[in-house]
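For the record, in the sequence shown the residue sitting at position 198 is 198 according to full-length UniProt numbering, with numbers rising by one throughout.
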Amino acid sequence: MKNIATFMLVSALTLGFFTSCDSGVQHRTFRGIYADDPAGMEGLYNPERGFRLEVALDVTEKNYVWAPEEYPDITSYLEEQSEFYASDSVSLVQTYFYLTGAVGKELTGEDFRTMDIFFDKLRSLGKKAVLRFAYETQFLGRAATGPTLEDIIRHTEQLKPFLEENKDVIQVVQAGMIGAWGEWHSSFHGLEKSDDTKRTILQHICRMTPEGRAVQIRVPEYKNLLDTASDDYKRISFHDDFIVIKKHQWDGGMSEGTPAYEQIVRESPCFPVDGELPWGTWSMNEDPDNPEAGWIIDGLQTARRLFLQHFTSLSVIHNYKEKNTKDKYSMMYWKETPVSTEFLRENKMPVSDGYFIRKDGSVAERNVFDYIRDHLGYRIELQEMTAPAVLLAGQANPVEISLINRGFSTLFNEHPVYLVLIDESGKVCHIALTDANVNDWQPYETGDSSCTPLLHTISTDLQIPLGLAKGMYSLGLWIPDGSARLQYDNRFAIRCANGDTQWWVSPDGKYGVNILMNKISVK
């Protein structure tokens, strides 16, 4: 009650600019987040976008793959990393399930229970999985064992119903399975040497993946093994696991100007895209396997690439502060690299309203690390709203809300859009589903070389039931997760990037609501 009472007392001046007329319609304009707004320099925690973690679980041994003695259980490393990177607004975890112990065998009930425990921990932490299955942890011929084609087919068939049951906590599935780290090279049985084998495995991964979830592939070359008219081809996106900007022989042939690079630019508006830098040791020339000298990776050019290829997520554990290093890695330099409106406008990149200024109009400096953190995936910025001055029960009340997506990509998966009424005691009393489709909220029209921001509109006739008590309410925008399991968990609801709207969380934690009007009468 204290929470709702507080925002009921906030003045209209603080919450935004209102106008009204004799027609009984009120109009409100919204602004973005100023640098000196509360938490204005911090990231917005939002689902299915932004920086991500990486956790590798040995499913058979039930421990963290890279340090089993230190993390001899299923979830302790995940919990530690979630805490360590909490300030970086992380809502995604690249989840490696290593099936090494299942080579030559079927997955067991205990294997599925182990993966279930991990998924449940993700839910409890308010995070989702960028999911990849793999078997081999070594490359350059060092793997001691690996799956056959028959192993992979058998396991994908077993995994299909399990993934469907856990679809709610899966953001995307990466096409792993083959070779070192599931990156489709260096496999024990040479699976990557046959196009027919790769095609067959990719088709089985697509069948394994729940409907409505994209599949990401390491390089476009592998996607192009499929018939372009096939349903499988149409659901495959990309993950770039070696973003270094300049050309390198390990970059998968995806440096700027290559056909692979241009294919990602062309196809990425329709898909979630993921990626990572190499480890910081690569930049420090401390990787004994690196065939060329490494370098500190340019932050501004990385931001430009993430924008052009519509990246949804990026690893925050690579080339940043991993392994308690004493070295200064690339992302640390990004925090010292200013990003200017001039650079962004020159490259037609999004500039969020208020992002580079303070409330008094003075200029605020922003760095490229924060810019990438804030613009990966979507960034929904409300623009204007019109609604009746008084909501009338028993009839339709036209409401229109406009917004711009200032992020690098649109939204994916299921996120229904509701208007809600909250009474003065803090109870959600009415919920009305709109027909808005968040998947259509592209930052700009696909193919528009000017990258002009699109204005999207939520238009609905808000039906107020006759039985709703007359009085004062708050009107809010609620965009929860589309699954029954996660819908009533505020951590999976979408928060808009506005400094003059309150983010209201219900006392029971079920609702996360963007307050549009803090006082509106129902009669």
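Yeah, the Cβ is synthetic: ideal placement off N, Cα and C, and Gly gets one too. From a predicted model like this one, the values you see are computed outputs, not experimental measurements.
Would you list the one or two residues that DSSP bridges to residue i?
i, result
"F51", "L314"
"H239", "D274"
"Y418", "L433, W478"
"W504", "V513"
"K128", "L92"
"S471", "Checking the displayed sequence, the identity of residue 471 turns out to be Gly instead of Ser. In the DSSP output, where bridge partners are listed per residue, G471 has V522."
"L391", "V522"
"M385", "R28, I401"
"A396", "Q463"
"D227", "Bridge partners of D227: none, in fact."
"G307", "The sequence shown places Phe at residue 307, rather than the Gly named in the question. F307 pairs with nothing; no bridge assigned."
"R366", "V339"
"D58", "N63, Y98"
"D423", "Y473"
"Y444", "P453"
"A180", "E136"
"I357", "V363"
Contact check, residue i vs residue j under 8 Å by CB: the rounded distance?
i, j, result
"I297", "V244", "6 Å"
"Y96", "A56", "4 Å"
"L376", "S313", "6 Å"
"E221", "S187", "Their Cβ separation, rounded to whole angstroms, is 16 Å, which puts E221 and S187 out of contact at 8 Å."
"Q463", "A396", "6 Å"
"V169", "K223", "At roughly 25 Å, the Cβ-Cβ gap does not stay under 8 Å, so V169 and K223 are not in contact."
"P350", "P443", "6 Å"
"L344", "I404", "Contact doesn't hold; Cβ gap of about 15 Å is too wide."
"N439", "T410", "6 Å"
"S309", "S255", "The amino acid occupying residue 309 in the given sequence is Gln; Ser does not appear at that position. Rounded, the Cβ-Cβ distance is 12 Å, inconsistent with contact."
"D241", "C206", "No, D241 and C206 are not in contact; Cβ-Cβ is about 20 Å, not under 8 Å."
"S237", "Q216", "5 Å"
"H239", "Q174", "6 Å"
"residue 533", "I372", "Any property of residue 533 remains undetermined from this structure, which presents the chain solely from 1 to 523."
"R379", "R358", "19 Å between Cβ atoms; not a contact."
Starting from residue i, follow the beta strand (DSSP E) in both directions and report where the run begins and ends.
i, result
"L462", "456–463"
"I217", "215–217"
Going along the chain, which residues of its own chain have a beta-carbon closer than 7 Å to the beta-carbon of residue i, five neighbours each way excluded?
i, result
"K348", "S450, C451"
"C21", "Annotation note: pLDDT 48 at C21 (below 50); position unreliable, coordinate value reported separately. There are no such residues."
"G104", "D151"
"H155", "L99, A102, L107"
"N46", "S91, I494, R495"
"T281", "D287"
"S283", "G294, W295, I296, I297, N319, Y329, S330"
"Y71", "N63, Y64, Y77"
"T325", "G280"
So, for residue i: in the same chain, excluding its five sequence neighbours on each side, which residues have a beta-carbon less than 6 Å away from its beta-carbon?
i, result
"M517", "L475"
"N498", "F30, L382"
"Q94", "R52, E54, V130"
"L159", "M208"
"N413", "none"
"P147", "V103, Y135"
"W504", "V513, I515"
"A143", "E136, F188"
"G299", "W334, T337, V368"
"I431", "Y418, V420"
"K519", "M472"
What are the start and end residues of the alpha helix (DSSP H) that includes residue i?
i, result
"V265", "259–267"
"I205", "195–208"
"I153", "149–165"
"Q174", "Run containing Q174: none in the alpha helix (DSSP H); it sits in the beta strand (DSSP E), 170–174."
"G280", "280–283"
"E83", "76–84"
"M332", "330–334"
Sorted by chain position, which residues of the same chain lie with C-beta nearer than 8 Å to residue i's C-beta, five sequence neighbours on each side aside?
i, result
"K523", "V390, L391, L392, A393, K470"
"residue 553", "It is not possible to answer for residue 553, since the shown part of the chain is limited to 1 through 523."
"L433", "P416, V417, Y418"
"R366", "A35, P338, V339, Y355, F356"
"D58", "Y64, V65, P68, Y98, T100, G101"
Using a beta-carbon distance below 8 Å, is residue i in contact with chain B?
i, result
"D374", "The structure shown contains no chain B; it is built from a single protein chain."
>> Closer than 8 Å is the cut-off here; do at least three beta carbon pairs connect the region 113–128 with the region 183–200?
In response: no
>> Contact between the region 285–292 and the region 268–277 is defined here as three or more beta-carbon pairs at a separation below 8 Å; is this criterion met?
In response: no
>> I want to know whether the region 485–497 touches the region 467–474 - three or more CB-CB distances under 8 Å.
In response: no
>> Pairs of beta-carbons, one from the region 301–321 and one from the region 351–360, closer than 8 Å: are there three or more?
In response: no
>> Taking contact to mean 3 or more Cβ pairs, one atom from each stretch, closer than 8 Å, check whether the region 126–144 and the region 174–187 are in contact.
In response: yes
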